[in-house]
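The numbering used here puts the first residue of the sequence shown at 5, with every later residue one more than the last. Every residue gets a Cβ at the ideal spot worked out from N, C-alpha and C, and that includes glycine. Computed from a predicted model, the values in this text were never measured in an experiment. So the structure is just underneath, and the comments pick up after that.
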Amino acid sequence: MITKNAAPTLRRALDPFKDLVSEIVVADTGSIDDTKAILSEYGARVVDVPWQDDFSAARNAALEHARTDWIFSLDADEFVTRETAEQIAAAVKNPNVEAYLVDTINYTTEPDDGTLRTSPPLPDLAPYFFVSTKIRLAVRTLRWSGRVHELLEIDARRKKCRIGKLNGVVYHDGHIHRPQRSGYYHSLARRAFEEGEAHAGIVTVLALEAVRAGNAEEAFALFKKAMEMEPGSPTPIVWLGKILHKNGRSSEALVLLQEGLKKTGGHGSILAEMITIHSELGEKDCVNTLRTLADRICPDDPSVTAALARHSGSASARTPLAGKTS
5 MITKNAAPTL RRALDPFKDL VSEIVVADTG SIDDTKAILS EYGARVVDVP WQDDFSAARN
65 AALEHARTDW IFSLDADEFV TRETAEQIAA AVKNPNVEAY LVDTINYTTE PDDGTLRTSP
125 PLPDLAPYFF VSTKIRLAVR TLRWSGRVHE LLEIDARRKK CRIGKLNGVV YHDGHIHRPQ
185 RSGYYHSLAR RAFEEGEAHA GIVTVLALEA VRAGNAEEAF ALFKKAMEME PGSPTPIVWL
245 GKILHKNGRS SEALVLLQEG LKKTGGHGSI LAEMITIHSE LGEKDCVNTL RTLADRICPD
305 DPSVTAALAR HSGSASARTP LAGKTS
């Protein structure tokens with residue numbers, strides 16, 4: 005964990021892991037509130053790390069002080085349920101997996117082309133959410149890469165790690181309480197990219213920035229590049245499908261999403277986008293087929309639940325994103 009003035013949300017992040025983890029290691033980058041006092045209540049090992057606009061450097065600095073065989077990465081404005089914390093504790097006992105992808109439900113107050121209306125659990129936290137996926141649980145030998153949108157995936161791929169998928173999710177509400185952080189995050193990604201650092205995470209951040217600016221052509225090119233860099237990442241696949249569909253290329257979108265479903269092992273956000281497209285095309289039989297598939301491979305997935313709710317008319321449609329794609 006990286007912290008700086010995280011006192012308001014820190015206990016919420018740490019409480020579910022009581023009696024389940026061997027240690028808590030935190031890189032603190034200059035807190036002046038009660039963050040360190042709270043961390044001491046949990047017996048955390050705190051490493052003071054000067055902030056240098058590099059998230060990977062801070063996480064890897066904390067990792068150097070870890071002693072366990074496995075690590076789980078969480079931010080102070082994120083949290084899990086006790087059930088998910090127990091799943092994490094159990095997952096590390098699987099000898100056939102060295103890293104786990106984990107979905108994050110990112111709550112936001114503003115709708116855009118990538119958000120879905122919230123559905124249980126936590127329907128009152130914010131009216132909208134979007135899902136992102138990355139490795140959070142892994143063997144301690146992996147290292148983060150990228151000064152922003154830091155990822156373990158690059159090292160995991162290089163070391164040919166066996167990667168699994170955790171059923172539990174992480175909840176993130178930092179976009180609500182600290183909206184200025186998103187602007188800093190995007191500017192840091194832009195600077196890193198311009199200085200020659202290009203990995204799938206940074207490219208995805210820039211693609212989302214292009215989406216918000218209404219530049220579908222640039223967004224499409226960047227998401228395509230991100231997908232080529234990280235074929236198993238669902239976010240670029242979903243967005244490419246969205247843009248193709250909104251530009252009248254629904255058949256191409258569905259082919260791409262179907263291929264992405266295979267690459268990701270049936271990720272819920274891809275299924276949700278397929279449901280949305282078939283629903284908007286009036287293809288109810290296809291929606292029902294995908295509902296059955298979702299019940300089998302990703303039951304209770306929040307993206308699928310929201311997409312089906314919208315199909316039934318209980319949620320509003322998304323804002324369209326249109327423009328030239330190639």
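Query, Result
"Ends of the alpha helix (DSSP H) at W243?", "238-250"
"Who are the Cβ neighbours of L18 in its own chain at under 6 Å, not counting the five residues just before and after it?", "Y46"
"Out of N251, E222, G264, G252, which has the shortest C-alpha to C-alpha gap to I241?", "G264"
"With C-beta atoms as the reference, is G339 less than 8 Å away from G150?", "Residue 339 is absent from the model: the chain starts at 5 and stops at 330."
"Using a threshold of 8 Å, state whether the C-beta atoms of I6 and A62 are closer than that.", "yes"
"What did DSSP end up calling A321 once you bin it into helix, strand or coil?", "Caution applies to A321, whose pLDDT of 36 falls short of 50 and renders its modelled position unreliable; the model cannot decide the point."
"Do you know whose CA, among P235, T39, R195, lies nearest R15's CA?", "T39"
"Three Cβ pairs or more, each shorter than 8 Å: is that satisfied between the region 78-94 and the region 251-269?", "no"
"Could you tell me the boundaries of the beta strand (DSSP E) in which A142 lies?", "132-143"
"In chain order, what residues of the same chain have a beta carbon less than 6 Å from the beta carbon of P124, not counting five sequence neighbours either side?", "For P124, the pLDDT reaches just 44, beneath the cut-off of 50, and the residue's location in the model is therefore unreliable, leaving the point undetermined."
"Going by the DSSP bridge assignment, what does V106 pair with across the sheet?", "K138"
"Nearest CA to the CA of S255: which residue from R86, E287, K267, H271?", "E287"
"Return the bridge partner residues of L155 from the DSSP annotation.", "S149"
"Give me the DSSP bridge partner(s) of D52.", "D32"
"Can you give the Cα-Cα distance for V174 and W148, rounded to whole angstroms?", "19 Å"
"V29 to E201, Cα distance in whole Å?", "28 Å"
"On the DSSP bridge assignment, give the partners of H179 in chain order.", "BP columns for H179 are empty, so no partner."
"Measure how close the beta-carbons of R140 and Y104 come, nearest whole angstrom, since I'm counting them as under 8 Å.", "7 Å"
"Closer than 8 Å is the cut-off here; do at least three beta carbon pairs connect the region 65-85 with the region 161-170?", "no"
"Using the beta-carbon count (16 or more within 10 Å), is I247 buried or exposed?", "buried"
"According to the neighbour-count rule (16 or more other Cβ atoms, all chains shown, within 10 Å of its Cβ), is P303 buried or exposed?", "exposed"
"Return the first residue and the last residue of the alpha helix (DSSP H) that A227 is part of.", "This sequence places Phe at residue 227; Ala is not what is there. Per DSSP, F227 belongs to the alpha helix (DSSP H) from 220-233."
"Does the contact criterion of 3 or more C-beta pairs under 8 Å hold for the region 225-241 versus the region 191-199?", "no"
"Measuring alpha carbon to alpha carbon, tell me which of F227, I36, A276 ends up nearest A11.", "I36"
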